[in-house]
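The block underneath contains the structure these notes are about, expressed in structure tokens.
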Ligand code: CIR
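Numbering (the working numbering), first residue to last: 170 to 426.
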């Protein structure tokens, strides 16, 4: 959880043309940019050095940059996004990651993977099998993780109607405590893990992210915010309304390492 850098990508003017199931209306572009700026400032407040990439008009979902790579100590894994409209995004990040990481790996066909399905929990990784990440992608990532001394297990979320990616419904905070939505909290995969469970109404809040001493979380979830404060975490609250309309959240707007 100790990060020094983050990579973000500005949303393009056609951000509203990206994929979504949310039915919450169309995002307002100037508010989208404003929220992105606040997000970047929050990362800097957490002590991160930021690389802010320019918008990619060919890829309206490309601001959700977390989906194109999984960053590990000394190794970047380029994913193979499960949505065909997003697959070209990986070529736009490869040069930068090959400069920054001594080892570069890539998920190969027929494997698919979105970074939003990968949840780091200390030396263990939960890999969501979703409508974006398949078993073969998970198998390839688990092999790379194993070579670095990490363990991995899969969590099939294809029947979880409320979430697009695993990390839409789970976060791992400092100390190995999981934040879980109610439907995931009952799953055998998480038995034995300390946890905070959101209410149904606050499920979107589960997509929070620990960045050094702070937990970035979306605004509008007072109960979760209080639970985190009571447990000694330091929530940094950000308005994510426009990203939520596009099925996105806090974790997906940056790659952290
Ligand atoms: C998509 O459907 O791919 C984007 N509209 C949202 C991606 C959000 N990414 C994430 O949660 N990791």
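For each residue, glycine too, the CB sits at the ideal point set by N, CA and C.
Here the structure is a predicted model, which is why all the values come from computation and not from measurement.
- Counting only runs of 4+ residues, the alpha helix (DSSP H) found wholly inside the segment 262-288 occupies 263-269, in chain order.
- If you ignore the 5 residues before and after residue 244, its C-beta comes within less than 8 Å of the C-beta of 270, 271, 272, 273, 274, 313 and 317, all in its own chain and listed in chain order.
- A residue is called buried when at least 16 other Cβ atoms come within 10 angstroms of its Cβ; residue 371 meets this threshold and is buried.
- Within the chosen limit of 8 Å, ligand 1 reaches the beta carbon of residue 236 through at least one heavy atom.
- When secondary structure is reduced to three states using DSSP, residue 391 falls in the helix class.
- For the segment 286-351, the full-length alpha helix (DSSP H) segments reaching 4 residues or more read 304-316 along the chain.
- Annotation: the continuous beta strand (DSSP E) that includes residue 177 extends over 174-178.
- Excluding five sequence positions before and after residue 404, the CB atoms of its chain that fall closer than 6 Å to its own CB belong to 384, 386, 394 and 397, given in chain order.
- When DSSP states are grouped into helix, strand and coil, residue 245 belongs to the strand group.
- Not one heavy atom of ligand 1 falls within 8 Å of the beta-carbon of residue 325.
- By the beta-carbon neighbour count (other beta carbons within 10 angstroms, threshold 16), residue 413 is buried.
- Assignment of beta-bridge partners to residue 224 by DSSP yields no partner.
- Taking residue 341 as the centre and dropping the five residues before and after it, the same chain places the C-beta of 288, 289, 290 and 347 closer than 7 Å to its C-beta, in chain order.
- When only Cα atoms are considered, residue 407 and residue 334 end up about 20 Å apart.
- Across the structure, residue 293 and residue 320 are spaced so that their CA atoms are roughly 5 Å apart.
- For ligand 1, no non-hydrogen atom lies closer than 8 Å to the CB of residue 200.
- Taken through DSSP and simplified to helix, strand or coil, residue 383 comes out as strand.
- Beyond the five residues adjoining it in sequence on each side, residue 196 comes within less than 7 Å, by CB distance, of 184, 185, 411, 414 and 415 in the same chain, given in chain order.
- Relative to ligand 1, the nearest heavy atom lies less than 8 Å away from the CB of residue 421.
- At least 9 Å separates the beta-carbon of residue 285 from that of residue 308.
- Taking all protein chains in view, the Cβ of residue 258 is crowded by 16 or more other Cβ atoms within 10 Å, so the residue is classified as buried.
- The C-beta separation of residue 176 from residue 419 comes to about 15 Å, leaving the pair out of contact by the 8 Å criterion.
- A check of alpha carbon separations from residue 327 across 236, 421 and 296 identifies 296 as the nearest.
- Residue 372 carries a helical assignment under DSSP once its states are collapsed to helix, strand and coil.
- No Cβ-Cβ contact shorter than 9 Å links residue 248 with residue 174.
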